[in-house]
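Colleague: Protein chains in written order, with this note's numbering: chain V, 6 to 202; chain G, 6 to 202. The structure's right below; bear with me while I get my questions together.
2 protein chains.
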Amino acid sequence: MHDRLLDAASEVFAEEGFRGATTRKIAARANVNEVTLFRHFASKEELLAAAIDRQVEASIAMLARTPLPAEPHDVSAELGRFLAATLFGFAASHRAVRTSLGEWGHHPALDERLTGTSRYVSDRVERYLVAAQDRGLIRGDIDPVVAAQALIATIFAHGMLHQMMPERFPLDPEESVAMYLKIMLEGLRPLHAGGSA
Amino acid sequence: MHDRLLDAASEVFAEEGFRGATTRKIAARANVNEVTLFRHFASKEELLAAAIDRQVEASIAMLARTPLPAEPHDVSAELGRFLAATLFGFAASHRAVRTSLGEWGHHPALDERLTGTSRYVSDRVERYLVAAQDRGLIRGDIDPVVAAQALIATIFAHGMLHQMMPERFPLDPEESVAMYLKIMLEGLRPLHAGGSA
DNA sequence: GCGCATTGCAAGCAAGCACTTGCGTTCGCT
DNA sequence: AGCGAACGCAAGTGCTTGCTTGCAATGCGC
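This is the structure we're talking about:
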């Protein structure tokens, strides 16, 4: 019951946002009486906070199954796998991601939770790129933090825009990541190694 | 009065979304009686549609003051100027952009309007990159549509994430665009021209 | 079989919502 | 001066919201 309410709350929140996720809708989706909802959670806000926590933990656990190695070897392959998994996750929950962006800033108690997955991803990519730069696998004259930003921002935005404007962002996750990496890794390649891929 | 209501509606909608933008709040922000609002617009939905139209037209007019040339010459400088202007616009209205993303899909009458600026930008960049590819200014083995996606997605996401996680996305518009272009243009450079910048 | 915890159900509450009605006031125009 | 358009104000309608109350039904352990 507890879990069913959390799942229902996540779904309705993703679809309708905080204001739209009424306690009646959540209870109905969980096949539970609205009163029962308030017997499990003191308030709507508390319920949604718990529901978002659950979702973030689940998505991070999912991403943790395709980790970035601590010591980079094949940057293209390793980043490709990780970013494809990330994009896959974003695309699967694009509605929740977009809602979170819209909702961010309105409910301070929820803000930090809402950015949890993004922080996890950017953290890993940053660390990986720093390590890759230490090993001379990518060029040394750019800030790895900025490079991580560019990569994540691209993946991130593509995951949403692909759903919103499919005629303009038509590629599926694997193709997209391959193409983006084709561009970006060429741009990140050590400068002394000239020429093509 | 009409215009004051439209401005107020844009502001409140950007801050609070469709549900949060109550007619009372909009009227109060415009220093107008709520009844007057309904004498100018038949419904809340009609008001917000008109308000969003206005905002989109204004932002496109702003972007049109820094156009991309029909015939590319200096890709880095020309794209840099255009994307900096785009990022500046996104950053200035980041709250509206995020709200639009969250709201998108809920009100079919608003959806097309909400993506107006994005469509304009991706349209221009796509055409520019196609022209640049025709002239051999960027490599020929990548889809210019995909390259445009990567550029816009990066600008787009940075404009939002810079506000939400300033400690992770700290650079201001000019710096950001310069860094992103440094990476991406290196990746887009014609393959026969090896070496560094 | 008894007690206790968990749920459902019907009803309701105060507040907020979009939107309406009626009436009086203030204008600029002729 | 007279007229009509545009506005403010007070009040109210019917609906939805988060949340509560009271009571009856179900189930599980002892």
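In this text, a Cβ means the ideal position worked out from N, Cα and C, and glycines have one as well.
Relative to the alpha-carbon of residue 70 of chain G, which residue among G:89, G:35, G:165 has its alpha-carbon at the smallest distance?
Modeller: Your numbering for residue 70 of chain G matches position 65 in the second sequence. Ranking G:89, G:35, G:165 by Cα distance to residue 70 of chain G puts G:89 first.
Colleague: For residue 135 of chain G, which residues from the same chain have a beta carbon less than 7 Å from its beta carbon, with the 5 sequence-adjacent residues on both sides left out?
Modeller: Within the second sequence, residue 135 of chain G is the residue found at index 130, counting from 1. Taken in chain order, the residues that qualify are 149.
Colleague: Can you grab the Cα-Cα spacing for the pair residue 102 of chain V / residue 159 of chain G, in whole Å?
Modeller: The residue labelled residue 102 of chain V in the question sits at position 97 within the first sequence. The residue labelled residue 159 of chain G in the question sits at position 154 within the second sequence. C-alpha separation (whole angstroms): 16 Å.
Colleague: If you run the structure through DSSP and keep just helix, strand and coil, what is residue 120 of chain G?
Modeller: Against the second sequence, residue 120 of chain G aligns to sequence position 115. In the structure shown, residue 120 of chain G sits in coil (DSSP, three-state: anything other than H, G, I, E or B).
Colleague: Would you say residue 161 of chain V reaches chain G, if we count a Cβ-Cβ gap shorter than 7 Å as a contact?
Modeller: Position 156 of the first sequence, counting from 1, holds the residue named residue 161 of chain V. True, the Cβ-Cβ gap to chain G drops below 7 Å.
Colleague: With a 10 Å radius around its C-beta and 16 neighbouring C-beta atoms as the bar for buried, classify residue 153 of chain G as buried or exposed.
Modeller: Residue 153 of chain G sits at position 148 when you count from the first residue of the second sequence. Residue 153 of chain G comes out buried.
Colleague: Starting from residue 61 of chain V, trace the alpha helix (DSSP H) in both directions and tell me its first and last residue.
Modeller: As a position in the first sequence, residue 61 of chain V is number 56, starting the count at 1. Segment 49 to 68, the alpha helix (DSSP H) holding residue 61 of chain V.
Colleague: Use the C-beta contact count for residue 105 of chain V: other C-beta atoms within 10 angstroms, 16 or more gives buried, fewer gives exposed.
Modeller: To locate residue 105 of chain V, count along the first sequence from 1; it is residue 100. Burial call: buried.
Colleague: Taking Cβ positions only, does residue 46 of chain G come closer than 7 Å to chain V?
Modeller: Counting from one through the second sequence, the residue named residue 46 of chain G turns up at place 41. By this cut-off, residue 46 of chain G is not an interface position.
Colleague: Is residue 143 of chain V helix, strand or coil when you go by DSSP?
Modeller: What you label residue 143 of chain V is simply residue 138 of the first sequence in a count that begins at 1. Note: residue 143 of chain V maps to coil in three-state DSSP.
Colleague: With respect to the alpha helix (DSSP H) encompassing residue 96 of chain G, which residues constitute its N-terminal and C-terminal limits?
Modeller: Counted from its first residue, the second sequence places residue 96 of chain G at position 91. Residues 80 to 97.
Colleague: Which value, in whole angstroms, describes the spacing of the CA atoms of residue 8 of chain V and residue 165 of chain G?
Modeller: Here residue 8 of chain V refers to the residue found at position 3 of the first sequence. Here residue 165 of chain G refers to the residue found at position 160 of the second sequence. Roughly 33 Å separates the two Cα atoms.
Colleague: Report buried or exposed for residue 48 of chain V, applying the criterion of at least 16 other Cβ atoms within 10 angstroms of its Cβ.
Modeller: Against the first sequence, residue 48 of chain V aligns to sequence position 43. Result: exposed.
Colleague: Beta carbon of residue 185 of chain G, beta carbon of residue 183 of chain V: below 7 Å?
Modeller: To locate residue 185 of chain G, count along the second sequence from 1; it is residue 180. To locate residue 183 of chain V, count along the first sequence from 1; it is residue 178. No, they are not a contact pair.
Colleague: What's the gap between the Cα of residue 68 of chain V and the Cα of residue 61 of chain V?
Modeller: Reading the first sequence from its first residue, position 63 is the one you call residue 68 of chain V. Reading the first sequence from its first residue, position 56 is the one you call residue 61 of chain V. Each residue's alpha carbon lies about 11 Å from the other.
Colleague: With contact counted as at least three CB pairs below 8 Å, one residue from each stretch, are the region 105 to 120 of chain V and the region 52 to 66 of chain V in contact?
Modeller: Contact between the region 105 to 120 of chain V and the region 52 to 66 of chain V is present, because at least three Cβ pairs lie under 8 Å.
Colleague: For the region 9 to 17 of chain V against the region 27 to 36 of chain V, are there 3 or more C-beta pairs whose distance is under 8 Å?
Modeller: Flag = yes, the region 9 to 17 of chain V and the region 27 to 36 of chain V touch.
Colleague: Using a Cβ cut-off of 9 Å, which residues of the region 90 to 116 of chain G contact any Cβ in chain V, in chain order?
Modeller: Going along the region 90 to 116 of chain G in chain order, one finds 100, 102, 103, 104, 105, 106, 107, 108, 109, 110, 111, 116 with a Cβ nearer than 9 Å to chain V.
Colleague: Starting from residue 20 of chain G, follow the alpha helix (DSSP H) in both directions and report where the run begins and ends.
Modeller: Reading the second sequence from its first residue, position 15 is the one you call residue 20 of chain G. Taken as a continuous stretch (DSSP letters only), the alpha helix (DSSP H) holding residue 20 of chain G covers 7 to 25.
Colleague: To the nearest angstrom, how far is it from the Cα of residue 20 of chain G to the Cα of residue 96 of chain G?
Modeller: Position 15 of the second sequence holds residue 20 of chain G. Position 91 of the second sequence holds residue 96 of chain G. Their Cα atoms are separated by approximately 14 Å.
Colleague: Is there a Cβ from chain V that is less than 7 Å from the Cβ of residue 133 of chain G?
Modeller: Within the second sequence, the letter at position 128 stands for residue 133 of chain G. No, because no Cβ of chain V sits closer than 7 Å to the Cβ of residue 133 of chain G.
Colleague: So is residue 122 of chain G buried or exposed if we call it buried at 16+ other beta carbons inside 10 Å?
Modeller: Here residue 122 of chain G is taken as the residue at index 117 of the second sequence, counted from 1. Looking at its Cβ environment, which holds 16 or more other Cβ atoms inside 10 Å, residue 122 of chain G is buried.
Colleague: How many angstroms separate the CA atom of residue 110 of chain V from the CA atom of residue 98 of chain G?
Modeller: For the purposes of this step, residue 110 of chain V is taken as residue 105 along the first sequence, with counting starting at 1. For the purposes of this step, residue 98 of chain G is taken as residue 93 along the second sequence, with counting starting at 1. Near 14 Å, if we compare the C-alpha coordinates of residue 98 of chain G and residue 110 of chain V.
Colleague: Determine the DSSP secondary structure at residue 148 of chain V, reduced to helix, strand or coil.
Modeller: Indexing the first sequence from 1 puts residue 148 of chain V at position 143. Reduced to three states, the DSSP call for residue 148 of chain V is coil.
Colleague: Measure from the alpha carbon of residue 151 of chain V to the alpha carbon of each residue in G:25, G:18, G:66, G:172, then state which is nearest.
Modeller: Here the question's residue 151 of chain V lines up with position 146 in the first sequence. If we check each option's Cα against that of residue 151 of chain V, G:172 comes out closest.
Colleague: From the DSSP output, in three-state form, read off residue 183 of chain V for me.
Modeller: The count along the first sequence starts at 1 and reaches residue 183 of chain V at position 178. Here residue 183 of chain V sits in helix by DSSP.
Colleague: Identify which residue in G:23, G:187, G:168, G:177 has its Cα closest to the Cα of residue 100 of chain G.
Modeller: By 1-based counting over the second sequence, the position of residue 100 of chain G is 95. Nearest C-alpha to residue 100 of chain G: G:168.
Colleague: Could you check whether residue 133 of chain G and residue 73 of chain G sit closer than 7 Å to each other, using their CB atoms as the reference points?
Modeller: If you number the second sequence from 1, residue 73 of chain G lands on position 68. If you number the second sequence from 1, residue 133 of chain G lands on position 128. Their beta carbons are under 7 Å apart, which means residue 73 of chain G touches residue 133 of chain G by this criterion.
Colleague: By the criterion of Cβ-Cβ separation under 7 Å, what are the contact partners of residue 185 of chain V in chain G?
Modeller: Numbered from 1 along the first sequence, position 180 holds the residue referred to as residue 185 of chain V. Those within 7 Å of residue 185 of chain V in chain G are 155.
Colleague: Are the CB atoms of residue 39 of chain V and residue 27 of chain V nearer to each other than 7 Å?
Modeller: The residue labelled residue 39 of chain V in the question sits at position 34 within the first sequence. The residue labelled residue 27 of chain V in the question sits at position 22 within the first sequence. In this structure, residue 27 of chain V does not lie closer than 7 Å to residue 39 of chain V by Cβ.
Colleague: Look at the Cβ atom of residue 4 of chain V, then the Cβ atom of residue 94 of chain V, and state whether they are nearer than 7 Å.
Modeller: An answer regarding residue 4 of chain V cannot be provided, because it is not within the stretch 6 to 202 covered by chain V.
Colleague: Against chain V, with Cβ distances strictly below 7 Å, would residue 19 of chain G count as a contact?
Modeller: Numbered from its first residue, the second sequence carries residue 19 of chain G at position 14. Answer no: the Cβ-Cβ gap between residue 19 of chain G and chain V never drops below 7 Å.
Colleague: Please report the Cβ distance between residue 206 of chain G and residue 127 of chain G, rounded to the nearest whole angstrom; I am assuming they are in contact, meaning their Cβ atoms lie under 8 Å.
Modeller: Past the edges of chain G, shown from 6 to 202, lies residue 206 of chain G, and the structure says nothing about it.
Colleague: In the DSSP assignment, find the alpha helix (DSSP H) that holds residue 42 of chain V and state where it starts and stops.
Modeller: Along the first sequence, read from residue 1 onward, the residue named residue 42 of chain V stands at position 37. Unbroken alpha helix (DSSP H) run through residue 42 of chain V: 39 to 45.
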